[in-house]
């Protein structure tokens, strides 16, 4: 196996490169535009052919179009959004993505966006913005739903084995990895709050942001998600 | 592969169970006495034969003798201290431990104790008390050496690939995993301080503790390491 976590030093966005050295195939998860030269260099170094670009979610930003333009034409890579946020090759819950004999499992986890998914590979979970380490991702746009997010995290992600390594979409306070057991115990949003309290806190925050026009820019990699509102802070 | 991180809820000590499901063999790293029933249950559940008990270091406590008594007689398991802290089957730097086709590499990392070692398995480092997550382990007893500890961490562990997962001997502030890249960037002891400043801080702390008789009890699993002095806090 081959695994690289590529951190963007400007905004903490994390790109993941997963390779099968036997079949010389790779997939990339949530590629950040600024990290494309690194991704390409790593693929070349190990002579890996990029088979899939996988997204955990999609907000339809211009910057992401650059990713498609740059990566999509390379080495026959196929872009799979995973998420139903964008029409195209959305992957249903329970589906799998293979590269050689390596298997990624798709978990539908709506909430952060309507079509958010997570990918499970071996004992590693790639959760995009569905679960922040010791935090809660923003509710980004009209498709977001606090109740669904709570259910996705507590009923789907938190039922995975405790040792499952959690690799998020962004570093938070310098942290780039956690485990399901840790987040189940210590995440201040999902470990402690009831569903009702969580949803109420999200609605309060969203309402306050709307009233004051204080819609915060999302932290997402290279993306102008200007309508995103951080929830449950 | 099979991997379990077993946390002791009372003192945060972490026991690691590594299994090869193909050959049905396992090794355990730094088994905490209180977790032995769990270790045994997991071995039985997966029908794994315990081949080795590996220690990253050894302080010669009575409680640890219980581990030997309980585990050492089971299923032909061999106790390898790894560390030269105890006469016996100490493993030299660069040696390997195998279970089926799985390979652990031994890294000599003196400092926390004279004979401390770390184990590297795939992209996972088991570092005992040599490196605490965002912290610095105690300098435990007469064999400890602040300068050696600094060199072991900065010149040996920090030269591993950034993605290497760091599994420590104890949870710290709820954290049970980090990466080399994270610790290289954010560990407040080793990422920032020069060797001289680090050694001076350790000596000052040790001296203060000695003068006031404030030798703190080590946090180590099930161990009466009563002479341990936390360093560089």
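Protein chains in written order, with this note's numbering: chain D, 325 to 557; chain R, 325 to 557. Ideal Cβ positions, reconstructed from N, Cα and C, are used throughout, including at glycine.
Minimum C-alpha distance to residue i - residue among the options
i, options, result
"residue 494 of chain R", "R:458, R:509 and R:475", "R:458"
"residue 422 of chain D", "D:383, D:475, D:343 and D:519", "D:343"
"residue 511 of chain D", "D:403, D:529, D:455 and D:472", "D:455"
"residue 419 of chain R", "R:403, R:437, R:402 and R:443", "R:443"
"residue 507 of chain D", "R:481, R:415 and R:498", "R:498"
"residue 524 of chain R", "R:481, R:376, R:325 and R:474", "R:474"
"residue 328 of chain R", "R:334, R:347 and R:364", "R:364"
"residue 347 of chain D", "D:333, D:427 and D:334", "D:427"
"residue 334 of chain R", "R:519, R:425, R:526 and R:496", "R:496"
Cutoff 8 Å: residue i Cβ touching any chain R Cβ
i, result
"residue 501 of chain D", "yes"
"residue 551 of chain D", "Residue placement at residue 551 of chain D is flagged as unreliable, the pLDDT there being 29, under the threshold of 50; the coordinate-derived value follows with that caveat. It does not; no Cβ of chain R falls within 8 Å."
"residue 475 of chain D", "no"
"residue 450 of chain D", "no"
"residue 556 of chain D", "The predicted model places residue 556 of chain D with a pLDDT of 35, which falls under 50 and marks its position as unreliable; any figure quoted below should be read in that light. Judged by the 8 Å Cβ criterion, residue 556 of chain D is not in contact with chain R."
Interface partners of residue i on chain D, CB under 8 Å
i, result
"residue 370 of chain R", "None at all; the shortest Cβ gap to chain D is about 13 Å."
"residue 568 of chain R", "With chain R covering only 325 through 557, there is no way to say anything about residue 568 of chain R."
Test: residue i CB closer than 8 Å to a CB of chain D
i, result
"residue 335 of chain R", "no"
"residue 424 of chain R", "no"
"residue 381 of chain R", "no"
"residue 509 of chain R", "yes"
"residue 545 of chain R", "Annotation note: pLDDT 34 at residue 545 of chain R (below 50); position unreliable, no value reported."
Whether residue i touches residue j by CB criterion (8 Å)
i, j, result
"residue 381 of chain D", "residue 336 of chain D", "no"
"residue 366 of chain R", "residue 345 of chain R", "no"
"residue 384 of chain R", "residue 441 of chain R", "no"
"residue 373 of chain R", "residue 402 of chain R", "no"
"residue 492 of chain D", "residue 338 of chain D", "yes"
"residue 476 of chain D", "residue 438 of chain D", "no"
"residue 479 of chain D", "residue 435 of chain D", "no"
"residue 376 of chain R", "residue 326 of chain R", "no"
"residue 513 of chain D", "residue 460 of chain D", "yes"
"residue 330 of chain D", "residue 362 of chain D", "yes"
Residue i: contacting residues in chain R (beta-carbon distance under 9 Å)
i, result
"residue 506 of chain D", "495, 498, 499, 500 and 501"
"residue 447 of chain D", "325 and 327"
>> For the structure I just gave you, are there three or more beta carbon pairs, one from the region 465 to 474 of chain D and one from the region 495 to 503 of chain D, closer than 8 Å?
In response: no
> Can we say the region 338 to 357 of chain R touches the region 430 to 441 of chain R, given the rule of at least three CB pairs closer than 8 Å?
Replying inline: no
> Using 8 Å as the threshold, is the region 478 to 488 of chain R in touch with the region 439 to 458 of chain R, meaning 3 or more CB pairs across them?
Replying inline: yes
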